[in-house]
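K.L.:
So the sequence lines, in the order shown, correspond to chains A and B.
For reference, each letter of the first sequence is one residue, going 22 to 347 in the numbering used here.
For reference, each letter of the second sequence is one residue, going 702 to 923 in the numbering used here.
Submitted below is the structure of interest, expressed as structure tokens.
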Amino acid sequence: MSRASPKNLTATKTNTKSTRRGEHALSAWAQHHRRCFKDALWRLLKRPISAWATIVTIAIVLALPGFIMTLATQIKQIGGMWASENGQMNIYLVAGAQEDQIQSFQSWLSHQSVVRDNRLITPKQGLQELAQRLHIDSLTDIQPNPLPTVLVVHLSQLTGEDVDSLKRQIRANPLVDNISEGGEWIKRLQEISQFFDQLSWWLLGLFGLTVIFVIGNTLRLELQERREELSLMALIGGTSRYMLRPLLYDGAITGLLGGMLASVIIYGLLTALATPINNLATNYGARITVITPLLMTALLGIIGLILGWFSAQIIGRNFMKKSVKL
Amino acid sequence: MIEFDGVSRRFSNGHFGLQDVSFHIPEGRMVFLTGHSGSGKSTLLRMIPALDHPTSGQVRIGGHDLQKMRHHQYPKLRRQIGVVFQDHHLLPDRRVFDNVALPLQVSGFGGKDIRRRVEAALDKVGLLARQRALIEELSGGEQQRVNIARALVNRPKILLADEPTGNLDPELSRDIFNQFSDFHAVGVTVLIASHDLHLLKTYAVPRIVLNQGRLSHIEEAF
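Here it is in structure tokens:
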């Protein structure tokens, strides 16, 4: 074994002062981040079953509010589509309304500011449309035709004082038997979508807490295993921030992967349900568009990452306060 | 450099680990801390890097009163103190190099500095050729030398050793002690807790003797 002479040691000590520590401090910090990142990935690979059990749990927990949020967005989109394109009101005219009366009523309607267009459906046309939709040709033979004359009015807006005033005037017209207001229906749809929107945020908050606990529990087990290492680090001058860093990477990466997997689950569910939903929506002139997977993956990934990081902060600081002499 | 002034440590069960202990070790001295098992040697050593705190009295390191130090200042203090344990406290899943590099990484040294310093430290303890070996591949004596290299790689001002030769044969013990002497020779303050009679008889080093938590006597004036 070689033994250094005191002289040599003194010389080495002098060199310390000439070390450009300031220049290297940043690179050392970056190096530690790189190492923490690599180690976190390595730990995931080293314990794939326990790590992926946590990731899948997070994914399922995040997928539910994510799915509801996506549905709420779709409902809102359909409502918006109907509101802008199909926001219509059906005016049922009294039996025996004269053609010139109907034409003058149509002309009055077309001069109203909130009316985009209007279309006349005679009882005969109505019966033909119904027979076509129900695939019963013999319907057109029904005598006398029970359907009323209908004016389909498309509105440029669904609510507001102008719309209410128009409705009052239409109802007051002796030519009008009844009206069906599509706007009210769309309003209800929008209220439903708002409810789902709010529900999804509440669920996200609640399930976000669950994610914090799930990740926290996994990290707590890991901390127990690394207790000696952390004590040693504290002894040789490791700051709590330095010791927490690997844990933060573990939590953030676990949360990120959980969030990304959640988006895959949601995308899968939406794709599976897209056909029946679209069939239904097409009947009302709308179409479901599944949110871009990349955007959803990024969004849920970031949520997972933040929750994982936050969980690691809480669990790590608490553990070190109780178990490591800082 | 190390100053204890009427220091007592009473544990939660009412037992005293230390009772009214006072001494002063000037900078650059090498001192043995001795006494029977349970005499308070480890408790005293743990107070120097602020791993434990007195219930009364004052501990001053390099003129700084530890009681007045804030928590966030402890890491800086500990980087100036090297500690060698009897049971090594090495990370078994890492290589010799990584174990020795740990204090430098914690202190924020860059990769090149770490390599240079770790290799120098391993060379000093005669383990440069084994830097890639896993800890579990080393003998007890080699592990203790890794422990010493890790304690000294950061060039501390104070070196504490808790029974550093406890599990080693006399020849290895002498070897380890010689290493401590080398560092003492360049101005490092060395405090070695030991009840290794052979070691204590062989070297004429001042010693603080503890008995049941109390300072029994100090042999040789420093």
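In this text, a Cβ means the ideal position worked out from N, Cα and C, and glycines have one as well.
State the CB to CB distance for the pair residue 722 of chain B and residue 745 of chain B, rounded to an integer number of angstroms; the pair is presumed to be in contact (CB under 8 Å).
P.N.:
7 Å
K.L.:
Between the Cα of residue 905 of chain B and those of B:920, B:739 and B:912, spot the shortest distance and give me the residue it belongs to.
P.N.:
B:920
K.L.:
My parser needs the alpha helix (DSSP H) runs of 4 or more residues fully inside the stretch 723–776 of chain B; what are they?
P.N.:
Here the runs fully enclosed are 742–748.
K.L.:
Is there contact here, the stretch 845–858 of chain B with the stretch 784–802 of chain B, by at least three beta-carbon pairs under 8 Å?
P.N.:
yes
K.L.:
May I ask which residues mark the beginning and end of the alpha helix (DSSP H) holding residue 162 of chain A?
P.N.:
No alpha helix (DSSP H) holds residue 162 of chain A; DSSP gives it neither H nor E.
K.L.:
Locate the alpha helix (DSSP H) running through residue 920 of chain B, then write down its first and last residues.
P.N.:
Segment 915–920 is the beta strand (DSSP E) holding residue 920 of chain B; no alpha helix (DSSP H) there.
K.L.:
Counting only beta-carbon separations shorter than 8 Å, does residue 705 of chain B have a partner in chain A?
P.N.:
no
K.L.:
Given a cut-off of 8 Å on the beta-carbon distance, is the pair residue 869 of chain B and residue 841 of chain B in contact?
P.N.:
yes
K.L.:
Near residue 32 of chain A, which residues of its chain fall below 8 Å by C-beta distance, leaving aside the five closest residues on each side in sequence?
P.N.:
Because residue 32 of chain A carries a pLDDT of 32, less than 50, the predicted location of this residue cannot be relied on, and the following value inherits that uncertainty. For residue 32 of chain A, same chain residues with a beta-carbon under 8 Å away, outside a window of 5 residues either side, do not exist.
K.L.:
Report the residues of the stretch 711–745 of chain B with a CB closer than 7 Å to any CB of chain A, ordered along the chain.
P.N.:
none
K.L.:
Check the C-beta distance from residue 88 of chain A over to residue 194 of chain A and give it rounded, since I have them as a contact under 8 Å.
P.N.:
Residue 88 of chain A to residue 194 of chain A, Cβ: 47 Å. No contact.
K.L.:
Beta-carbon of residue 49 of chain A versus every beta-carbon of chain B: anything under 8 Å?
P.N.:
Chain B contact via Cβ: present.
K.L.:
Could you tell me the boundaries of the alpha helix (DSSP H) in which residue 704 of chain B lies?
P.N.:
From DSSP, residue 704 of chain B is part of no alpha helix (DSSP H) but of the beta strand (DSSP E) over 703–711.
K.L.:
Let me know the alpha helix (DSSP H) ranges lying completely inside the stretch 790–872 of chain B, each 4 residues or longer, listed in chain order.
P.N.:
Listed in chain order, the alpha helix (DSSP H) elements of length 4 or more contained wholly in the stretch 790–872 of chain B are 797–807, 812–825 and 841–853.
K.L.:
Let me check one thing: in DSSP terms, what residues is residue 890 of chain B bridge-paired to?
P.N.:
B:859
K.L.:
Candidates A:322, A:116 and A:284: which alpha carbon is nearest residue 85 of chain A's?
P.N.:
A:284
K.L.:
Any beta carbon of chain B sitting closer than 8 Å to that of residue 288 of chain A?
P.N.:
By this cut-off, residue 288 of chain A is not an interface position.
K.L.:
In terms of DSSP beta bridges, what is residue 172 of chain A paired with?
P.N.:
A:112 and A:141
K.L.:
For residue 752 of chain B, would you say it is in contact with chain A, using Cβ-to-Cβ distances shorter than 8 Å as the test?
P.N.:
yes
K.L.:
Roughly how many angstroms lie between the CA atoms of residue 703 of chain B and residue 224 of chain A, to the nearest whole one?
P.N.:
Approximately 58 Å, taken between the alpha carbons.
K.L.:
Select from the stretch 53–71 of chain A all residues with a C-beta closer than 9 Å to any C-beta belonging to chain B, and list them in chain order.
P.N.:
53 and 56
K.L.:
With 7 Å as the limit, tell me which residues of the stretch 251–268 of chain A have their beta carbon closer than that to any beta carbon of chain B; keep them in chain order.
P.N.:
253, 254, 256, 257, 258, 259, 260 and 263
K.L.:
Between the C-alpha atoms of residue 794 of chain B and residue 239 of chain A, what's the straight-line distance to the nearest angstrom?
P.N.:
In this model, residue 794 of chain B and residue 239 of chain A are separated by some 21 Å (Cα to Cα).
K.L.:
Can you name the start and end residues of the beta strand (DSSP E) that residue 908 of chain B belongs to?
P.N.:
908–912
K.L.:
With 16 other CB atoms within 10 Å as the buried threshold, where does residue 153 of chain A fall?
P.N.:
exposed
K.L.:
Terminal residues of the continuous alpha helix (DSSP H) containing residue 123 of chain A?
P.N.:
120–131
K.L.:
Name the two residues that bound the continuous alpha helix (DSSP H) containing residue 784 of chain B.
P.N.:
Counting along the chain, residue 784 of chain B sits inside no alpha helix (DSSP H); it lies in the beta strand (DSSP E) bounded by residues 782–785.
K.L.:
What is the DSSP secondary structure of residue 718 of chain B, reduced to helix, strand or coil?
P.N.:
strand
K.L.:
Would the stretch 227–237 of chain A count as touching the stretch 68–83 of chain A if we require 3 or more Cβ pairs under 8 Å?
P.N.:
yes
K.L.:
Name, going along the chain, the residues of the stretch 749–777 of chain B whose beta-carbon falls closer than 9 Å to a beta-carbon of chain A.
P.N.:
750, 751, 752, 753, 772, 773, 775, 776 and 777
K.L.:
For the 8 Å Cβ check, are there 3 or more pairs between the stretch 165–181 of chain A and the stretch 136–143 of chain A?
P.N.:
yes
K.L.:
Anything in the stretch 795–809 of chain B with a Cβ closer than 8 Å to a Cβ of chain A? List those residues in chain order, please.
P.N.:
803, 804, 806, 807, 808 and 809
K.L.:
Indicate whether residue 734 of chain B and residue 893 of chain B have their beta-carbon atoms separated by less than 8 Å.
P.N.:
yes
K.L.:
Please go through the same chain and pick out, in chain order, the residues whose beta-carbon is closer than 8 Å to the beta-carbon of residue 808 of chain B, but skip the five residues on each side of it.
P.N.:
780 and 855
K.L.:
Count the other C-beta atoms from every protein chain shown that fall within 10 angstroms of the C-beta of residue 343 of chain A, then say buried if there are 16 or more, exposed otherwise.
P.N.:
exposed
K.L.:
The ligand COA and residue 323 of chain A: does any heavy atom of the ligand fall closer than 7 Å to the residue's C-beta?
P.N.:
In terms of ligand content, the structure shown is empty, and the ligand COA therefore cannot be addressed.
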